[in-house]
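**Student:** Top line first, the protein sequences correspond to chains G and Y. Note that the first sequence covers residues 1 to 41 in my numbering. Note that the second sequence covers residues 42 to 520 in my numbering. Backbone N, C-alpha and C define an ideal beta-carbon position, used for all residues, glycine too.
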Amino acid sequence: MSEQQFSKSEKFWMNFKLYQLWRFIVLNIKIYTIAVQSKWR
Amino acid sequence: MAKIVVIGAGFAGQTAAIYLGTRLGKKHEVTVISNRDVFGYVPSWVWVGVGHMKPEETVFKLKPVYDRINVQFVHAAAKEIHPDPGDQYVLGEEIGTGKPVRLDYDYLVIAPGPLLNFAGTPGLGPENGFTHSICSLPHAVKARDAYLALVERMKKGEKVKIVIGTGHPLATCQGAAFEYISNVHKDLLKRGLRDKADILWLSNEPALGDFGVNGVQVKRNGIVMRSEEFIKSVFLDAGIRWQVQTGVKRVEEGKIYWENYEGQEGITEFDFAMLIPQFKGQPFKYIGKDGQDISAKIVNPAGFVLVDGKYGLPYAELAQTPEAWPARYQSPAYPNIFAAGIAFAPPGPISKPFTNPNNFQIAPAPPRTGMVSGMIGRVVALNIVDMVNGRQPGHSERMTEMVAACIASMGDSLWDGSAVAIVMRPVVPDRKKYPNEYGRDLFISHLEMGTAGAWMKFMLHHTFLWKFKALPGWELIPE
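(1) What residues from chain Y crowd round I31 of chain G, counting only those whose CB sits closer than 7 Å?
(2) In angstroms with no decimal places, state the Cα-to-Cα distance between L211 of chain Y and P394 of chain Y.
(3) Report the rounded CA-to-CA distance for G295 of chain Y versus M451 of chain Y, giving the unit in angstroms.
(4) Could you tell me whether the Cβ of S38 of chain G comes closer than 8 Å to any Cβ of chain Y?
(5) At what residues does the alpha helix (DSSP H) containing Y188 of chain Y begin and finish?
(6) Please confirm whether A493 of chain Y has its beta-carbon closer than 8 Å to some beta-carbon of chain G.
(7) Using only CA atoms, which one of Y:L65, Y:A386, Y:E438 lies nearest to P155 of chain Y?
(8) Cβ closer than 7 Å: which chain Y residues qualify as neighbours of K17 of chain G?
(9) Examine chain Y for any beta-carbon lying closer than 8 Å to the beta-carbon of M14 of chain G, and answer yes or no.
(10) Is E246 of chain Y helix, strand or coil when you go by DSSP?
(11) Is it buried or exposed for N169 of chain Y, if we count other Cβ within 10 angstroms and need 16 for buried?
(12) Cβ atoms of I317 of chain Y and M208 of chain Y: under 8 Å apart, would you say?
(13) Which partner residues of Q319 of chain Y appear in the DSSP bridge assignment?
(14) Just tell me which of Y:V47, Y:T162, Y:D331 has its CA closest to the CA of A119 of chain Y.
(15) Within the same chain, show all residues whose beta-carbon is closer than 8 Å to that of G198 of chain Y, passing over the 5 residues directly before and after it, in chain order.
(16) Do P519 of chain Y and A35 of chain G count as a contact pair if the criterion is CB distance below 8 Å?
(17) Would you say A218 of chain Y and G206 of chain Y are within 8 Å of each other, going by their C-beta atoms?
(18) Provide the residue span of the alpha helix (DSSP H) that contains G415 of chain Y, from first to last.
(19) With a threshold of 6 Å on Cβ separation, who are the neighbours of L149 of chain Y within its own chain once the five nearest residues in sequence on each side are excluded?
(20) Could you compute how far the alpha carbon of N28 of chain G sits from the alpha carbon of H69 of chain Y?
(21) List the residues of chain G that W496 of chain Y touches, going by C-beta distances under 8 Å, in chain order.
(22) Can you tell me where the beta strand (DSSP E) with E478 of chain Y in it begins and where it stops?
(23) Return the CA-CA distance between W299 of chain Y and Y32 of chain G, expressed in angstroms with no decimal places.
(24) Please go through the same chain and pick out, in chain order, the residues whose beta-carbon is closer than 7 Å to the beta-carbon of D459 of chain Y, but skip the five residues on each side of it.
(25) If you draw a straight line from the alpha carbon of K508 of chain Y to that of A422 of chain Y, how long is it in whole angstroms?
(26) Compile a chain-ordered list of the residues in the region 399 to 417 of chain Y whose CB is closer than 8 Å to at least one CB of chain G.
(27) Just mark I335 of chain Y as buried or exposed, buried being the case when its beta carbon has 16 or more other beta carbons within 10 Å.
(28) Quick check for students: name the residue ranges of the beta strand (DSSP E) that lie wholly in the region 356 to 403 of chain Y, counting only runs of 3 or more.
(29) Count the other CB atoms, across all protein chains shown, that sit within 10 Å of the CB of K200 of chain Y; report buried if there are 16 or more and exposed otherwise.
(30) Assign M500 of chain Y to one of three DSSP states: helix, strand, or coil.
(31) Hey, does H487 of chain Y have any beta-carbon neighbour from chain G nearer than 8 Å?
(32) Going by DSSP, what residues sit across from C447 of chain Y in a beta bridge?
(33) Please list, in chain order, all residues of the same chain as K321 of chain Y whose beta carbon is under 7 Å from its beta carbon, the five residues on each side excluded.
(34) Do T162 of chain Y and R291 of chain Y have their CB atoms nearer than 8 Å?
(35) Tell me, please, whether the CB atom of L506 of chain Y is closer than 8 Å to any CB atom in chain G?
(36) Taking Cβ-Cβ distances shorter than 9 Å, what residues in chain G pair up with S459 of chain Y?
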């Protein structure tokens, strides 16, 4: 990422649905895993 | 048989009620007292505020849920708490009739959510002022109506000024305001009216992207990226102007009066403003057995419940003392009283406070809504379960240990909507455990924007409503 506006490439990936599906899966796994750890406290 | 009373049915109170009801409800008496008979899913009110979601899609009736999980419901506003041993009870006023209600308790959870202190900023708020809020459902509906009226003016070619941010120098919940400004931008873009609006972010944060948590920092490709740069890119991309380090002092029709870090005073004009008010604790009366006011033993001057934290440390020392943050959210004066969500008194700010040359303090208060509220509600409930079963309370989670995920909506469309996914661990930096400049786990902390975020926000709306209705499998959904 540049220090100013998002680049064309960054904007492309933010809207590319197949890549976003991958990010959706990764983000869900990441958030679920760390949030579940909290339940053990 | 133990009697447990929960005051409030928001994120913290509802989480506590579900855990208590399902674990103790059959053998013990669990009662929720709330001045609202519905649960409101606050994160989606940002969509109500731009007319993209019907208000009724964000609420459900509490009583049918409680009937299933052995929790009694009293639709009343709590007024007094009598905590002295021997005769411990909550006094309330039934909504509609005004009849007095008395609830005896052995354990008490105070989780009523914040008092929206519009009075702290003259001219602020939708009821007695000139600005709007999305902090309650009626306020979000009013904000929507005013926003849609503004849209009509823009359709006729009028150029307007929109200001969104914080309405008090000590306000919190910048995240909600960020979501609202992003959704307003996206909505106007879709309507083809974006060029008719000058949109300004006006906030008490020390820097853009601070969000009251000292910002979010993540490591990507070996480089530390800060939320300040990220949000700056978002605003530049959206053509949103920003003004941070600013405390709003008062509002008049169409004019916001403020003071900044340098001590300069100024006026910002607006046609539509949504400014988050200061949050305070609910003004319950705490009465001792002789009838005296014992509030000072239980709450701080802002009305937040004092719990097992270390209070009074200067900011520099607090920032180096993670154990100063409460672990069990239990009152030291009355160990059978717990506070959850916004109700507990934090030991100090997370973001660096600032006092300007005019002795005017500008400092975001620590956010403790959403996921943090839910987690505290669970910790409190499980500790009460321990105590009722004759054990020592065995659950704890400080905000210096807690992970928090926040999905900040930037348009609700599942096709071209977007959201910023923010994960941070811990919420309050722990510079002992994470000896980097930021006191955070830079591997776990995460900052990402894209359509996947919009899908997550949509998914969370439905999964959390499922959880808060205590439907099958609710416990598998984390707080």
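**Tutor:** Here's the rundown:
(1) Identification of chain Y residues near I31 of chain G by a Cβ-Cβ cut-off of 7 Å yields A446, V464, ordered along the chain.
(2) For L211 of chain Y and P394 of chain Y, the gap between their C-alpha atoms comes out near 9 Å.
(3) Going from the Cα of G295 of chain Y to the Cα of M451 of chain Y covers about 26 Å.
(4) Contact of S38 of chain G with chain Y is assigned, a C-beta pair being separated by under 8 Å.
(5) Taken as a continuous stretch (DSSP letters only), the alpha helix (DSSP H) holding Y188 of chain Y covers 178 to 196.
(6) At a cut-off of 8 Å, the C-beta of A493 of chain Y has a neighbouring C-beta in chain G.
(7) Closest option to P155 of chain Y, Cα to Cα, is Y:A386.
(8) By Cβ distance, chain Y contributes T492.
(9) Yes - at least one Cβ of chain Y is within 8 Å of the one on M14 of chain G.
(10) Coil at E246 of chain Y, not helix or strand.
(11) Flag for N169 of chain Y reads exposed.
(12) Contrary to the premise, residue 208 of chain Y reads as Gly rather than Met in this sequence. Closer than 8 Å, so yes.
(13) In DSSP, Q319 of chain Y forms a bridge with Y:N158.
(14) When each option's Cα is compared against that of A119 of chain Y, the closest is Y:V47.
(15) Counting only Cβ-Cβ distances below 8 Å, and skipping sequence neighbours, we find K237.
(16) In this structure, P519 of chain Y lies closer than 8 Å to A35 of chain G by Cβ.
(17) In this structure, A218 of chain Y sits near G206 of chain Y, with a CB-CB distance shorter than 8 Å.
(18) Counting along the chain, the alpha helix (DSSP H) containing G415 of chain Y begins and ends at 411 to 429.
(19) The residues V46, I378, in chain order, have a CB closer than 6 Å to that of L149 of chain Y in the same chain once the five nearest residues on each side in sequence are set aside.
(20) Rounded to the nearest angstrom, the two C-alpha atoms are 37 Å apart.
(21) Contacts between W496 of chain Y and chain G, judged by CB atoms closer than 8 Å, involve Q20, F24 in chain order.
(22) For E478 of chain Y, there is no enclosing beta strand (DSSP E), since its DSSP letter is neither H nor E.
(23) If I take the Cα positions, the gap works out to 41 Å.
(24) According to the sequence as given, residue 459 of chain Y is Ser; it is not Asp. Excluding sequence neighbours, S459 of chain Y sits near M451, G452, M490, G491, T492, G494, A495.
(25) C-alpha separation (whole angstroms): 16 Å.
(26) Residues M412, M416.
(27) Its Cβ being crowded by 16 or more others within 10 Å, I335 of chain Y is buried.
(28) If we require 3 residues or more, the beta strand (DSSP E) runs fully inside the region 356 to 403 of chain Y come out as 378 to 380.
(29) K200 of chain Y should be labelled exposed.
(30) Collapsing the DSSP output to three states places M500 of chain Y in a helix.
(31) Yes, contact with chain G.
(32) Under the DSSP definition of a beta bridge, C447 of chain Y partners with Y:I463.
(33) Result list for K321 of chain Y: P155, L156, N158, A343, G344, in chain order.
(34) Yes, the pair counts as a contact, with Cβ atoms nearer than the cut-off.
(35) No, L506 of chain Y lies away from the interface with chain G (no Cβ there is under 8 Å from its Cβ).
(36) The answer, in chain order, is M14, N15.
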